[in-house]
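Under the UniProt record's numbering, the residues of the sequence shown are numbered 1 to 911, in order.
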Amino acid sequence: MDAQITTLHCEYLATATDPALPERIHRMVRTDLAAALEAELAPVLGADPAVYLIRDLVADVRLDTREPNLPRQWARQLGSAVVAALTRAGRDSDNVVRFPDEAAYLASYLLAHVRGSAGNEWYHRPLARFHRAPVGVVVRQAIPAHDLLPVLAALYRRGALPEVLDAVGSDVLAEVAALSLSTVDRRVESPSILAGPSTTDDALVAVALRVSDACSLWTNGPQPALAATWRRQSSTPPDWRNPDSLTEDVADLLSHLAETGAVRLPPREIPASLRAELEWLNLPLLETRLRERRHAPFRLERSPSAQDDGQRAPSFPHRSGKFRCRPAGTRVPLDPGGLVVGRAPLLAPAGTPSLWSPDAVWEAQWGSVTADLVAIARSGKVDVGELVRVLLGLGIPERWAVALTRGELTWSELARRAIRGPTSRAETSSTTFPFPEPDLLPHVGRSPANEMSRLSGSLDPTGVTDSAIPDVWRRASRTHIPLFGGVSLASDRALSSDGPGPNTPGTDDSVATTTQEKPDPKRENAPIGPEETAVLRALLNLVTAEPGAVELRTRLAAAGPGPYSVLLLRAALATRHPGTTSSASAEDAVTHLMRRWTETLVASARTTYPRTRTAECGEPDSRPRPRQVSGGEATSAEAPVPVAVDRHPHRLAPPELSTRDVLSGQSSAPEGSRHPQPPQPRASEEDKLVAALLSARTSTTADASDSPCAGVLLLLRAVLDLRLPGILTRVGLGHLLTATLLALATRLTGAPPHDPAVVAFAGTPAGDVEELLQPWLDLPEEECVALGDAVVEALVAQHVIDAPDQLDSGAALAEGRLGRFEADRTLGVLAVAVVRAWARWLGRFAGSSVPYLVAHFARRPGRVRLSERELVVELAPGPLDVVVRLAGYDAPLTTVPWLDGRAVTYRLEAA
């Protein structure tokens with residue numbers, strides 16, 4: 001259980017016999033009440049994964065001050081009020097909202113953020129700090145890594161995942177896809193977002209970060225991640241009864257942050273809002289202490305020996321995961337704590353000259369940081385001299401820097417040396433810097449050049465913001481999926497081809513566009529095991545037979561192999577089989593599928609588009625031949641052309657374009673063959689799955705029909721629950737099922753009988769709809785009465801109503817009448833029965849009038865898509881969609897008999 005109270009307002013009514021009582025109670029609220037309330041609620045809510053949000057709660061508490069444990073008394077009564085409020089979830093949606101789990105809540109926020117309505121709902125206030133942030137920032141920071149796939153699955157269930165993926169940038173899309181194919185447990189790294197912006201459980205650290213935020217002390221933007229690796233150095237517990245002692249602790253923490261260069265002291269002033277929050281501190285003392293602890297900027301220092309031989313000598317002790325800095329004017333090393341080393345060369349106080357930076361970097365990260373800077377420099381947007389000075393500060397030999405400026409050393413060679421260390425005895429003896437081992441390779445990320453394109457001028461570390469240093473640079477990528485720009489083992493290859501521009505994955509000049517790297521035999525040729533085969537079989541079922549298969553297959557076929565398709569497949573698989581969210585078998589199966597899909601597209605492209613073409617005028621193809629790779633081997637002129645597939649779900653790039661996000665694959669055809677053989681099958685399920693994806697046609701607007709009353713199809717669930725076909729059969733009217741459904745939908749919507757939603761409600765019958773309604777105009781009165789009585793009996797038997805007289809006659813539904821009294825009266829009873837049976841799980845809306853329910857749920861616009869196996873209902877956004885979801889009415893119907901056994905899938909807020 002993870003509970004949070006945003007604001008607690010207490011009003012005390014006490015006797016005057018004890019003057020110290022108010023202060024005693026006030027101190028108890030600040031120090032003991034939260035723990036006592038958590039202990040009280042834990043037995044009730046400890047195992048419940050649901051997320052409850054209460055807007056306001058008023059509770060009257062009576063305390064007996066003679067009892068020793070006042071916090072427990074208070075927590076017991078307040079906890080009872082909280083539990084009573086939670087039981088009203090669903091019936092009191094204006095004050096209490098429940099989500100099945102945290103992933104569902106985050107999915108709700110992410111979708112609202114994409115649509116620009118995140119600030120319109122009060123239950124999104126816990127994430128208010130992300131309201132104005134870009135979608136990529138929300139995905140990276142608001143969603144814990146272990147909740148990524150559940151969030152995607154929740155969006156997929158709502159039919160909103162494509163909308164969210166379309167709003168995410170390609171770099172974030174690739175990063176999210178790489179994370180979805182990682183089974184590493186990151187629960188320790190990614191705490192619950194509902195716990196607040198701080199990632200620390202230390203209250204004083206949280207206060208220090210809050211002061212830094214409110215007073216704008218950060219030098220390079222807010223960095224709450226510091227709290228995950230930084231703790232107070234003192235092991236002495238704080239004295240919560242002494243405000244001055246607590247103030248001194250907070251001042252020490254802020255001073256410690258200033259020593260690392262993360263914040264700038266002193267603050268100009270403490271805002272009034274923060275003063276109200278921190279009234280339990282001695283704020284004048286805090287301001288005094290912060291003014292006294294002003295810190296000088298950092299600078300690099302050269303040792304005498306380094307000045308003599310012209311080299312940058314590293315004079316620092318190596319510490320695991322930390323670096324040491326020294327303020328100007330002193331040689332006493334400080335211990336700043338655990339800042340992320342990957343940012344070390346780019347983290348400096350604002351206004352600090354770009355030559356200054358922390359004077360040491362953890363040795364195991366030196367190659368990674370250097371390679372990052374080299375990749376940035378090769379973009380051509382930075383000054384070479386400035387870069388060289390920064391690299392000297394990182395400890396590269398000066399002869400390397402001189403050779404670099406003279407053009408004698410290429411950027412690629414510098415990157416290889418930074419990764420592998422000195423390549424000769426002379427280089428080894430010329431520097432004392434301990435180079436990392438070859439296996440300590442950089443984790444550069446997708447495309448540093450693209451991320452740094454927002455910067456102008458020379459490489460000034462003080463101008464780099466958090467947005468320009470993506471987290472993916474510091475995260476290990478999947479080496480067997482270069483499709484996503486993962487460049488741990490591939491980074492050496494990505495930086496190995498000389499050229500004027502950045503040669504990193506994700507750019508048009510990538511080595512992957514022109515070379516065919518040999519696959520890793522340990523990974524590429526690994527056989528598919530029985531668990532992976534089972535996953536592939538489940539995926540095949542998802543894209544061919546499950547509800548939503550047509551839409552899923554269409555989107556996958558339009559997007560092609562890439563991050564977009566990976567996320568759709570993982571989300572669909574997690575929705576149908578939740579156990580696959582952390583399954584290595586699912587990861588391997590999707591990886592194999594992407595590779596096989598790409599190989600098949602490559603082979604198909606070669607068959608359709610030969611490598612050498614002759615135009616009608618007789619001129620040969622002018623496309624450039626593959627260039628020479630770094631190893632000296634030239635790729636064949638007949639090498640297969642990788643297929644370029646855009647991540648957008650509605651575009652398929654022509655095969656002759658250069659690849660960006662698609663894995664390059666080898667064809668099994670003989671050299672020079674114009675009709676290559678398809679790749680040898682690895683598993684029948686895999687080949688069937690690829691064949692299904694290749695054969696799917698892109699959906700067009702002609703496949704869908706718009707209707708102003710598509711919401712009536714939500715009531716199909718109630719028709720099934722009432723067993724209307726059985727009722728008609730019992731009264732001898734089983735042959736009138738199609739006519740009854742057509743007349744019922746017309747009465748509920750007031751639309752003409754040829755409306756697409758009305759026709760779909762009746763099972764898409766063939767023929768003239770006016771003629772189909774004729775049997776109801778000729779139905780005898782006694783048969784109409786018998787049908788009405790049978791419907792009322794079914795409602796009483798299913799406990800929808802307690803007595804027959806509780807059902808309305810349907811006179812309020814004036815539209816859609818047939819013009820015959822007996823028939824219209826029976827259809828009115830049937831319409832009211834269907835609405836009441838459907839609304840019984842709508843919480844406090846269950847008792848709403850039938851016209852209100854029809855107007856807000858049945859008569860809402862949308863789009864109807866009919867395929868061979870499925871009816872997809874896409875409904876426009878509605879104010880009561882959350883009520884529909886809480887009732888579970890957005891779940892698909894697996895089989896509807898009068899729709900020829902088709903499934904019905906609902907997509908709320910999708911039209």
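Note that beta-carbon positions come from the ideal geometry of N, C-alpha and C, so glycine has one too.
- Shown here for residue 690: same chain residues with a beta carbon closer than 8 Å to its own, the five before and five after excluded, namely 593, 596, 597 and 600 in chain order.
- Under the three-state reduction of DSSP, residue 717 is assigned to helix.
- Classified as buried, residue 740 has 16 or more neighbouring CB atoms from the shown chains inside 10 Å of its CB.
- Taking 7 Å as the cut-off, the Cβ atoms of residue 832 and residue 786 do not count as close.
- Taking all protein chains in view, the Cβ of residue 122 is surrounded by fewer than 16 other Cβ atoms within 10 Å, so the residue is classified as exposed.
- Of the residues assessed, residue 895 falls on the exposed side of the cut-off, its CB having fewer than 16 other CB atoms within 10 angstroms.
- Within the same chain, 95 come within 7 Å of residue 56 by CB-CB distance, once the 5 residues on both sides are set aside.
- Residues 114 and 135 of the same chain have their beta carbon placed closer than 6 Å to that of residue 167, with the five preceding and five following residues left out of the count.
- Residue burial annotation: residue 902 is buried, with at least 16 other C-beta atoms found within 10 angstroms of its C-beta.
- Linking residue 565 to residue 86 through their CA atoms gives a straight-line distance of about 39 Å.
- A direct Cα-Cα distance of roughly 14 Å separates residue 764 from residue 712.
- Residue 905 sits in a strand when the DSSP states are folded into three classes.
- The residue among 211, 75, 270 and 539 with its C-alpha nearest the C-alpha of residue 250 is 211.
- Counting of Cβ neighbours within 10 angstroms places residue 821 among the exposed residues, the total staying below 16.
- It is roughly 53 Å from the alpha-carbon of residue 547 to the alpha-carbon of residue 215.
- The segment 782-797 and the segment 719-734 touch, with no fewer than 3 CB-CB distances between them shorter than 8 Å.
- Per DSSP, the continuous alpha helix (DSSP H) segment holding residue 727 begins and ends at 724-730.
- For residue 894, the secondary structure class from DSSP, reduced to helix, strand or coil, is strand.
- Residue 704 and residue 867 have their C-alpha atoms roughly 10 Å apart.
- The segment 100-117 makes contact with the segment 145-156, as at least three CB pairs between them are under 8 Å.
- Taking the Cα of residue 79 as reference, the smallest distance to any Cα among 173, 567, 160 and 60 is reached at 60.
- In this structure, the alpha-carbon of residue 72 lies about 15 Å from that of residue 24.
- The beta-bridge partner set that DSSP reports for residue 54 consists of 96.
- A direct Cα-to-Cα measurement between residue 716 and residue 839 gives close to 12 Å.
- If you look at residue 870, you'll find it in the beta strand (DSSP E) that goes 870-875.
- Non-local C-beta neighbours of residue 289 in its own chain, meaning closer than 6 Å and more than five positions away in sequence, comprise 251, ordered along the chain.
- In this structure, DSSP gives residue 820 a state outside helix and strand, which the three-state scheme calls coil.
- Across the structure, residue 146 and residue 581 are spaced so that their CA atoms are roughly 9 Å apart.
- In chain order, 57 and 59 place their CB closer than 7 Å to the CB of residue 81, counting only its own chain and leaving out the 5 sequence neighbours on each side.
- Counting every other CB atom within 10 Å of its CB across the protein chains shown gives residue 805 a total below 16, marking it as exposed.
- The continuous beta strand (DSSP E) containing residue 704 extends over residues 704-707.
- The C-beta of residue 10 has fewer than 16 other C-beta atoms within 10 Å across all chains shown, which makes the residue exposed.
- When the beta-carbon positions are compared, residue 692 and residue 837 stay at least 7 Å from each other.
- Annotation for residue 66: no beta strand (DSSP E) segment contains it, and DSSP assigns it neither H nor E.
- The distance from the Cβ of residue 177 to that of residue 563 is about 3 Å, consistent with a contact at the 8 Å cut-off.
- Where residue 866 is concerned, the enclosing beta strand (DSSP E) starts and stops at 862-866.
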